[in-house]
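Following: one structure in structure tokens, then a few remarks.
Residue numbers (this note's numbering): 14 to 309.
Right, here's the structure in full:
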């Protein structure tokens, strides 16, 4: 199987250093495509499809996976022509955790060479940016409100030093601001809140099951709506959430549908797979079993 690995040679941290050392031993088994800047992973993935690579591996975190995913989608018939693989090198690696991809790179590599293919649902979002219609795919989750605002505020030098703690710091910064009022609509149903999360898989932020009933292959998206987001809500939710790694249902409302429309009363950002993307309004929908991924 023709394989290419898309990776950031400038990435920092122990995982990245181990990866660069390990790469020397596998250069005969794959083609390496290093990135040089933001957006490169997407461009390189598109090129890899046109060059007839059958397995395109994103070596990085959830943001890298998202870029590679969209690059495959940019190529004509890309999702039928190539499979997506993941080598987890990021800060959180939510998608890799849910697929149970091994964290050690040599073990993950062996899995990618011997693993099986699974067709999973592929979510997408349609929105406008600078007067132009845009479409982006995502694989794990999307969020609007506090979650996306925190990503906007993340200090990248702090993230390189402390990893996930940088998101906690940014979260408290976002929590101190006035929260926007958001509405999610699914057919005749409409629910409002200050934070809306949309999941394709179960996990959010690591091993926390925000969407316990979600399924990659059911053709549906799950929405989790927090009516209020403030310090009081956080203090009431946090103990049970941290102990059980699941939300107490009394604090949220849920919807499940093939399509959601998100709107806001004020300009509000949204994120995909942990990366800031744009502003509401936006329409989130799903293409059943469109994405081919390699799993253990």
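The C-beta atom is built at its ideal place from N, Cα and C for all residues, glycine as well.
Determine the burial state of residue i: buried for a count of at least 16 other Cβ atoms within 10 Å of its Cβ, exposed for fewer.
i, result
"residue 15", "exposed"
"residue 185", "exposed"
"residue 240", "exposed"
"residue 44", "exposed"
"residue 162", "buried"
"residue 103", "buried"
"residue 193", "buried"
"residue 121", "buried"
"residue 86", "buried"
"residue 89", "exposed"
"residue 156", "buried"
"residue 319", "Nothing in the structure corresponds to residue 319, since the chain is present only between 14 and 309."
"residue 68", "buried"
"residue 212", "buried"
"residue 51", "exposed"
"residue 227", "buried"
"residue 260", "buried"
Give the single residue among the options whose Cα lies nearest to the Cα of residue i.
i, options, result
"residue 203", "167, 35, 267 and 230", "267"
"residue 76", "162, 290, 300 and 294", "290"
"residue 92", "20, 131 and 125", "131"
"residue 230", "260, 69, 215 and 164", "215"
"residue 219", "79, 109 and 96", "109"
"residue 141", "154, 293 and 114", "293"
"residue 265", "206, 273, 226 and 308", "206"
"residue 84", "127, 101 and 48", "48"
By DSSP, does residue i sit in helix, in strand, or in coil?
i, result
"residue 204", "strand"
"residue 190", "coil"
"residue 143", "coil"
"residue 222", "strand"
"residue 240", "coil"
"residue 119", "helix"
"residue 85", "helix"
"residue 114", "coil"
"residue 132", "strand"
"residue 303", "strand"
"residue 214", "coil"
"residue 73", "strand"
"residue 276", "strand"
"residue 104", "coil"
"residue 51", "coil"
"residue 66", "coil"
"residue 271", "coil"
With distances taken between CB atoms, is the gap from residue i to residue j smaller than 9 Å?
i, j, result
"residue 152", "residue 208", "no"
"residue 99", "residue 70", "yes"
"residue 198", "residue 275", "yes"
"residue 165", "residue 282", "yes"
"residue 73", "residue 58", "no"
"residue 154", "residue 217", "yes"
"residue 187", "residue 236", "no"
"residue 133", "residue 31", "no"
"residue 79", "residue 286", "yes"
"residue 195", "residue 158", "yes"
"residue 137", "residue 277", "no"
"residue 94", "residue 307", "no"
"residue 105", "residue 19", "no"
Excluding the 5 residues preceding and the 5 following residue i in the sequence, name in chain order all residues of the same chain whose CB lies nearer than 6 Å to its CB.
i, result
"residue 300", "135"
Closer than 7 Å by C-beta to residue i: which residues in its own chain qualify, once you throw out the five before and the five after it? Chain order, please.
i, result
"residue 160", "208, 210 and 284"
"residue 36", "45"
At a cut-off of 8 Å, would you count residue i as near the ligand NAD, judging by its Cβ distance to the nearest heavy atom?
i, result
"residue 278", "Among the ligands in the structure shown, none appear at all, so the ligand NAD cannot be discussed."
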